[in-house]
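Undergrad: If you scroll down you'll find the structure; I have some questions about it.
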Amino acid sequence: MPRRIETLFLAGPAGKLEALLEEPETGEPVEAALVCHPHPQFGGTMHNKVVYRLARGLRRSGCVVLRFNFRGVNLSEGEYADGIGETEDARTALHELRARYPEIPLIASGFSFGSRVALRLTSQQPEVRRVLAAGFPTRWPERDFVYRVHVPKYFVQSTQDEFGPQAELSAFFETLAAPKQLDWVEAQDHFFGGALDELEQVVERIGRNRE
């Protein structure tokens, strides 16, 4: 039986949100994953190559995955709202996932700006069981919300990330309470250049590591 792929529009707080729902390649989903994309003002969309790899790695681990475009991106309505409005967009998408798959755990994830949104959302939504942050940008000073995340936190970072350098991310990670995990991917830049396959493998392994 072919896996289910559905394009949909969600009723977001600033208007409709364009989204894409994809079930796993094989079997029934065992976890529901939300994937958030990079900064809307710098070309970020749900079709970003890193977001695509996050989604595929999670699907291969058994997740049903919901990607969506933040307000003002492609067919999503509204305007950029400094990350706060985008967190509300993510909350809308999370509620859609929970309504469609009420019996399985939720994982929030994202890349770059999207990793911040996923972590902020997780700090506010107790039903999220764990969170995966890829390419977390340490150069953004405001990150107190990360300390309010008490579920397992998985960070995946490029060794050559110009927006989240190795030394800065390592130091920040050390200040966070367990449970937590940090995986480094030998890559060329913030976008995991030259190592997208390795990134996807790490994400799939994290996805399968369910307690």
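The opening position of the sequence shown corresponds to residue 129 in my numbering, with each subsequent residue numbered one higher. A virtual CB, placed ideally from N, CA and C, is assigned to each residue, including glycine.
Going by CA-CA distance only, name the one from A142, A261 and E296 that's closest to E205.
TA: A142
Undergrad: How about the region 206-221 and the region 171-179: do they share at least three Cβ pairs that are nearer than 8 Å?
TA: No contact exists between the region 206-221 and the region 171-179.
Undergrad: Closer than 6 Å by C-beta to Y282: which residues in its own chain qualify, once you throw out the five before and the five after it? Chain order, please.
TA: Around Y282, the same chain offers L260, Q309 and I334 as residues with beta carbons nearer than 6 Å, after the five sequence neighbours per side are excluded.
Undergrad: DSSP three-state call for F198: helix, strand or coil?
TA: Assignment of F198 by DSSP, reduced to helix, strand and coil, places it in the coil class.
Undergrad: In this structure, does DSSP put L304 in helix, strand or coil?
TA: coil
Undergrad: I think A147 touches R195, with their Cβ atoms under 8 Å apart; what is that distance to the nearest whole Å?
TA: 7 Å
Undergrad: Would you call the CB atoms of V192 and E150 closer than 9 Å?
TA: yes
Undergrad: Could you tell me the distance, in whole angstroms, from the CA atom of P254 to the CA atom of P233?
TA: 11 Å
Undergrad: Can you grab the Cα-Cα spacing for the pair E90 / T220, in whole Å?
TA: Outside the displayed span of the chain (129 to 339) sits residue 90, for which this structure offers no information.
Undergrad: Just to confirm before moving on: does the CB-CB distance between A263 and P166 stay below 9 Å?
TA: First, the residue type needs correcting, since residue 263 is Gly and not Ala in the sequence shown. Yes, Cβ-Cβ distance for G263 and P166 is below 9 Å.
Undergrad: Roughly how many angstroms separate the alpha carbons of A85 and F137, rounded to a whole number?
TA: The first residue shown for the chain is 129 and the last is 339, placing residue 85 beyond what the model contains.
Undergrad: Can you name the residues that DSSP bridges to V259?
TA: A236 and K281
Undergrad: Three-state secondary structure (DSSP) at P203?
TA: A small correction: the amino acid at residue 203 is Leu; Pro does not occupy that position in the sequence shown. It is coil, neither helix nor strand.
Undergrad: Given Y229, which residues of its chain have a CB within under 7 Å of its CB, disregarding the five upstream and five downstream residues?
TA: P157, A160 and V192
Undergrad: Would P307 and V331 be called neighbours here (beta carbons separated by less than 9 Å)?
TA: no
Undergrad: Return yes when the Cβ of V284 is within less than 9 Å of the Cβ of D311, no when it is not.
TA: yes
Undergrad: Could you check whether G321 and S286 sit closer than 9 Å to each other, using their CB atoms as the reference points?
TA: yes
Undergrad: Which of the three DSSP states is assigned to F137 in this structure?
TA: strand
Undergrad: Sorted by chain position, which residues of the same chain lie with C-beta nearer than 7 Å to V84's C-beta, five sequence neighbours on each side aside?
TA: Outside the modelled stretch of the chain, which goes from 129 to 339, sits residue 84, for which no answer is possible.
Undergrad: What separation, rounded to the nearest whole angstrom, lies between the Cα atoms of E216 and P265?
TA: E216 and P265 have their C-alpha atoms spaced approximately 20 Å apart.
Undergrad: Quick one: Cα of E224 to Cα of A139, how far?
TA: 10 Å
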